[in-house]
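Structure first, then comments.
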Amino acid sequence: MSKNHVVEREQGLHRELSQRQLTMIALGSAIGTGLFFGSGFAVSLAGPGVILSYVIAATCALIMMGCLSEMAVAHPTAGSFGAYAEMYVGPFAGWSVRYTYWACQVIAVGGEVVAAGIYMQYWFPNIPGWVWMLAFSALMIYMNARSVANFGAFEYWFALIKVTAIVFFIITGIAVLFGIGTEPLGFSNLTKHDGFLPLGLKGVWMGVVMAIFSFIGVEVVAVTSGEAKDPQKAVPKAMRTMVLRLILFYLCSLLIMLCVVPWVEAGGKVSPFVKVFSTIGIPYAAGIMNFVVLTAALSSMNANLYLTSRMMFSLARGNQAPSFLGKLSRAGTPVYALLASTGGIALAVILQTFGDEHAYLYTFGIALFGALFVWTMVLVTFFFFRAARERQEAEPLPTRMPLHPILPGIGIILLVSIMVTFYFHDFFRVGVYSGLGWLAFMYLSYCVFGKKQSSVQGR
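For the sequence shown, full-length UniProt numbering gives the first residue as 1, with consecutive numbering after it.
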């Protein structure tokens with residue numbers, strides 16, 4: 001089966017997304033509660049050294065996106081890294097990457113809708129959370145079922161709210177630090193409590209384990225390449241712009257957070273952003289941040305539904321899922337794949353109502369471990385991709401990953417090290433067990449179903 005055939009079978013989606021929309025969709029997918037709430041947990045693990053943690057995590061993201069950008073320019077298709085794994089590594093790689101990523105995002109959709117229901121109870125405590133969960137689910141499914149242009153516009157404005165909140169936070173923080181209109185606060189909090197690395201290099205590395213999840217979602221740009229207006233130009237530019245903005249937003253936000261609020265107070269259940277706004281004297285800080293994190297949850301849910309529907313569409317077009325899931329509506333959207341991907345919403349409602357902490361941990365563990373597995377497979381696939389192009393003596397692409405194979409190799413080592421580190425932290429250890437169990441299930445399911453389907457397709 002030719003590599004062109006893998007791309008051709010996924011044709012039919014409408015190319016209506018602009019470069020600006022690609023960038024904001026990726027920002028919307030990546031910027032979530034991990035920054036607004038999870039950053040406090042990362043600070044508690046590393047202290048002010050968490051800045052180094054985010055630099056290491058950003059390095060992983062940059063390497064992965066550099067490799068993915070080159071492959072996306074060569075093969076702009078909705079199946080993206082799953083299709084590339086099938087083309088260059090093998091059918092099982094394509095099967096496991098796509099189904100693993102689909103499962104991760106389905107779980108993420110459920111988690112975001114539960115979070116949205118909880119956030120709404122801040123203003124409406126007497127209305128059950130499941131009411132909001134159903135309402136938001138219906139809205140997000142409706143938005144994804146419309147044309148991709150409408151989805152892109154909707155997600156653009158959702159993501160813009162989050163970006164605006166972060167920019168406002170940074171500007172306000174700079175004013176406080178340098179004393180614009182008030183006494184300068186300075187940078188003393190960075191070293192006041194046992195220095196810049198109070199928990200040592202071990203703390204910095206444990207912070208990386210948490211920080212890496214603030215960047216998961218950036219890979220959505222490669223998936224949107226199948227519906228981009230001019231993928232050869234728009235996708236690389238969107239990837240560069242988005243990753244650089246994320247790094248700037250995250251590092252500046254963390255620096256301001258650590259300077260305004262001592263790191264020993266940044267953890268806990270209250271968002272560190274709320275603590276900073278309260279310290280500065282911004283009125284209604286809790287209400288403002290509740291609106292922002294609600295928007296963050298809905299934006300991530302919207303983008304994740306998009307991702308799951310396109311991955312399932314790719315699987316169906318590759319004869320690795322029921323064929324009707326590969327059909328498109330009049331608007332050019334894979335509506336059946338979309339509906340099949342809403343299972344995470346039902347799972348979330350069930351776990352929220354009847355489940356316990358262990359059920360959440362196992363599903364959460366699959367999502368976390370699976371996302372890093374997919375990133376690692378992107379880098380592994382890139383080695384096969386480059387080797388194939390060198391054998392074919394293909395013309396160099398306009399977008400190329402520099403310092404190959406050194407940087408991709410470093411990326412693989414970092415990602416594998418992070419996954420191994422899961423085992424040595426009580427909170428993340430369940431991710432190792434559930435993640436390895438999932439991969440074993442992927443192998444068995446491929447042996448039973450995938451091989452047969454691949455042989456049928458290859459004839």
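Ideal placement from N, C-alpha and C gives every residue a C-beta, glycine not left out.
Classified as buried, residue 10 has 16 or more neighbouring CB atoms from the shown chains inside 10 Å of its CB. Between the C-alpha atoms of residue 337 and residue 296 there is a straight-line separation of about 24 Å. Taking C-alpha positions only, residue 171 is separated from residue 379 by approximately 36 Å. Rounded to whole angstroms, the separation of the alpha carbons of residue 71 and residue 388 is 12 Å.
The DSSP-derived three-state label of residue 228 is strand.
In terms of Cβ geometry, residue 143 and residue 117 do not form a close pair [threshold 7 Å].
For residue 19, DSSP records no beta bridge to any residue. Shown here, residue 45 sits in a helix according to DSSP, grouped into three states.
With distances taken between CA atoms, residue 121 lies nearest to 294 out of 398, 294, 390, 303.
Its chain contains 92, 95 as the residues whose beta carbon lies nearer than 6 Å to that of residue 446, once the 5 sequence neighbours on both sides are disregarded; these appear in chain order. Segment contact: the stretch 365–385 against the stretch 30–50, fewer than three CB-CB distances shorter than 8 Å; contact not assigned.
The residue among 80, 7, 108 with its C-alpha nearest the C-alpha of residue 347 is 108.
For residue 60, the enclosing alpha helix (DSSP H) starts and ends at 50–74. The stretch 15–30 makes contact with the stretch 234–247, as at least three CB pairs between them are under 8 Å.
For a cut-off of 8 Å, the C-beta gap from residue 383 to residue 408 is around 6 Å, short enough to register as a contact.
Contact annotation, residue 325 with residue 340: C-beta distance approximately 6 Å; criterion of less than 8 Å satisfied.
With contacts defined by Cβ atoms closer than 7 Å, residue 13 and residue 61 do not form a contacting pair.
The beta carbon of residue 32 is closer than 6 Å to those of 296, 300 in its chain, skipping five residues each way along the sequence. Between residue 318 and residue 197, the CB-CB gap reaches or exceeds 7 Å. Residue pairing by DSSP places residue 11 opposite 13 in a beta bridge.
Exclusion of the five residues before and after residue 229 leaves 15, 16, 17, 18 as the residues of its chain whose Cβ lies within less than 7 Å of its Cβ. Around the beta carbon of residue 86, 16 or more other beta carbons sit within 10 angstroms, so the residue counts as buried. Boundaries of the alpha helix (DSSP H) harbouring residue 106: 91–120, taken from the DSSP string. When secondary structure is reduced to three states using DSSP, residue 188 falls in the helix class. Taking 4 residues as the shortest admissible run, the stretch 137–198 contains the following complete alpha helix (DSSP H) segments, listed from N- to C-terminal end: 148–178. For residue 69 and residue 100, the gap between their C-alpha atoms comes out near 21 Å. Nearest in C-alpha terms to residue 155, of all of 302, 220, 322, 204, is 302. The alpha carbon of residue 343 has as its nearest neighbour, out of 83, 25, 110, the alpha carbon of 110. For the pair residue 433 and residue 216, the Cα-to-Cα distance works out to about 21 Å. Contact between residue 81 and residue 266 does not hold, since their C-beta atoms are separated by about 34 Å, which reaches or exceeds 8 Å. The C-alpha of residue 125 is placed about 44 Å away from the C-alpha of residue 63.
If you compare the alpha carbons of 400, 158, 148, 193 with that of residue 291, the shortest gap goes to 158.
DSSP, reduced to helix, strand and coil, places residue 381 within a helical segment of the structure shown. Exposure of residue 123 is indicated by the presence of fewer than 16 other C-beta atoms within 10 angstroms of its C-beta. Taking residue 164 as reference, the option from 76, 185, 288 with the minimal CA-CA separation is 288.
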